[in-house]
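In what follows, a structure is listed as structure tokens, so that the remarks can point back to it.
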Amino acid sequence: MKESKRTHTNKKSSNKTARPAHMRRSSAVSGSSRSTARRKRVLRRNLGIGITCGILLCLLVFMGKTVLQRANERDERELQELVQEENGPLLWQKQGAPYIDVQLLTPNEYSRPQIPMESVQYIAIHYTANPGAGAMANRNYFENLSTTRETKVSSHFVVGLEGEVVQCIPTAEISYATNERNVDTISIENCHPDETGAFNDATYDSTVKLAAWLCTRFGLTQDQVIRHYDVTGKSCPKYYVEHPEAWEQMKEDIRIQIQEDYALQEKLQNSSG
Ligand SMILES: [Zn+2]
20 MKESKRTHTN KKSSNKTARP AHMRRSSAVS GSSRSTARRK RVLRRNLGIG ITCGILLCLL
80 VFMGKTVLQR ANERDERELQ ELVQEENGPL LWQKQGAPYI DVQLLTPNEY SRPQIPMESV
140 QYIAIHYTAN PGAGAMANRN YFENLSTTRE TKVSSHFVVG LEGEVVQCIP TAEISYATNE
200 RNVDTISIEN CHPDETGAFN DATYDSTVKL AAWLCTRFGL TQDQVIRHYD VTGKSCPKYY
260 VEHPEAWEQM KEDIRIQIQE DYALQEKLQN SSG
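The sequence shown begins at 20 in the numbering used here and counts up one residue at a time.
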């Protein structure tokens with residue numbers, strides 16, 4: 020019984036290990052198909068690495084191009100700013116103007132309505148009536164009128180306590196400063212240290228230079244430099260309304276500066292021509 024069971028088991032196991040002929044033949048084929056499969060696997064892996072490398076390379080090239088493009092755009096912008104600066108404030112300085120910091124207001128109906136100037140016939144001198152405030156503070160006050168909407172007022176230029184000049188509005192557009200003369204008058208607001216409204220030396224010098232240079236630019240004389248007072252009778256610029264002799268002196272200083280500017284500009288033209 021025992022023996023018989025073992026025989027039976029042996030038989031069963033021999034049955035299990037014995038391969039039919041067709042199976043044995045196919046085992047040779049299976050060896051070669053295994054190596055083909057391995058080759059395919061290697062091929063697939065290599066392909067995968069290749070594709071990954073390709074993608075990485077593309078990404079790298081793309082990123083490099085983007086970085087280069089950004090750098091080019093920045094260079095271009097800086098170059099444009101430099102050209103603008105050289106054709107604007109730096110050129111104007113060579114023509115006799117003080118350095119003009121161009122900080123144009125955002126167009127808005129309360130301070131920069133973008134109404135074209137008819138023609139330039141006058142330069143009007145004003146005072147801010149706000150002792151101690153600087154040029155940028157006044158410029159920002161005009162800028163903020165677009166949100167506060169408290170009044171309509173502005174100026175083409177503001178001259179600060181250190182003689183700094185900020186331009187708020189292009190000279191081809193009107194400002195809200197000189198009432199009925201807004202249509203043909205460029206306005207200059209002046210900062211002042213105290214209630215007298217007198218300009219300090221730095222402010223005075225810049226204003227004389229700015230007014231004179233504007234006269235040469237628009238073909239005006241010192242007699243076309245006026246006070247706000249001459250248009251409306253308002254006490255502006257206060258000190259130069261209360262002291263007519265100081266006003267006469269300022270006009271005389273502007274006259275002399277106009278001559279100097281024309282001489283400068285002629286020399287500039289000869290040297291460049
Ligand atoms: Zn005024």
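Ideal Cβ placement from N, Cα and C applies to all residues, glycine included.
From the DSSP secondary-structure annotation, give me the bridge partner or partners of residue i.
{"i": "SER206", "result": "ALA143"}
{"i": "VAL244", "result": "ILE142"}
{"i": "GLU192", "result": "PRO135"}
{"i": "PHE176", "result": "GLN186, ILE207"}
{"i": "ILE119", "result": "VAL184"}
Can you tell me whether residue i sits near ligand 1, meaning its C-beta is under 7 Å from at least one heavy atom of the ligand?
{"i": "CYS210", "result": "no"}
{"i": "CYS187", "result": "no"}
{"i": "THR247", "result": "The sequence given here has His at residue 247, not Thr. Correct: HIS247 has its Cβ closer than 7 Å to ligand 1."}
{"i": "LYS257", "result": "no"}
{"i": "LYS253", "result": "yes"}
{"i": "HIS145", "result": "yes"}
{"i": "ALA196", "result": "yes"}
Note down, in chain order, each residue of its chain lying with its Cβ closer than 6 Å to the Cβ of residue i, except the 5 sequence neighbours on either side.
{"i": "ASP280", "result": "GLY115, ALA231, TRP232, THR235"}
{"i": "LEU101", "result": "none"}
{"i": "GLN241", "result": "LYS270, ILE273, ARG274"}
Beta strand (DSSP E) containing residue i: first to last residue?
{"i": "VAL185", "result": "184-186"}
Check whether chain D comes within 8 Å of residue i, counting only Cβ atoms and requiring the distance to be less than that.
{"i": "LEU180", "result": "Structure shown: chain D not included; a single protein chain is present."}
Could you pull out every residue in the same chain whose Cβ sits closer than 8 Å to the Cβ of residue i, ignoring the five residues on either side in sequence?
{"i": "LEU229", "result": "ALA116, PRO117, ILE119, PHE176, VAL178, VAL184, ILE207"}
{"i": "ARG158", "result": "GLN122, LEU124, VAL177, VAL185, CYS187"}
{"i": "ILE144", "result": "ILE207, ASN209, THR226, ALA230, VAL244, ILE245, ARG246, HIS247, PRO256, TYR259, MET269"}
Assign residue i to one of three DSSP states: helix, strand, or coil.
{"i": "ASN201", "result": "helix"}
{"i": "ASN65", "result": "helix"}
{"i": "ASN163", "result": "helix"}
{"i": "ASN219", "result": "coil"}
{"i": "ILE106", "result": "According to the sequence displayed, residue 106 carries Asn and not Ile. Helix at ASN106."}
{"i": "ASN127", "result": "strand"}
{"i": "ALA282", "result": "helix"}
{"i": "ASN149", "result": "coil"}
{"i": "GLY73", "result": "helix"}
{"i": "PRO5", "result": "This structure cannot settle anything about residue 5, because the visible part of the chain is limited to 20 through 292."}
{"i": "ASP213", "result": "coil"}
{"i": "GLN114", "result": "coil"}
{"i": "HIS41", "result": "Residue placement at HIS41 is poorly supported in this model, since its pLDDT is 48, which falls under 50; the coordinates still yield a value, given next. Correct three-state label for HIS41: helix."}
At which residues does the alpha helix (DSSP H) containing residue i begin and terminate?
{"i": "LYS171", "result": "It is not in any alpha helix (DSSP H) - LYS171 carries neither H nor E in the DSSP assignment."}
{"i": "PRO256", "result": "Element bounds for PRO256: n/a, residue is neither H nor E."}
Can you list, in chain order, the residues of its chain whose CB lies under 7 Å from that of residue i, leaving out five sequence neighbours each side?
{"i": "ARG168", "result": "TYR129"}
{"i": "SER45", "result": "The predicted model places SER45 with a pLDDT of 49, which falls under 50 and marks its position as unreliable; any figure quoted below should be read in that light. Closer than 7 Å at the Cβ level, and outside the excluded window around SER45, lies no residue."}
{"i": "PRO108", "result": "TYR118, ILE119, VAL121"}
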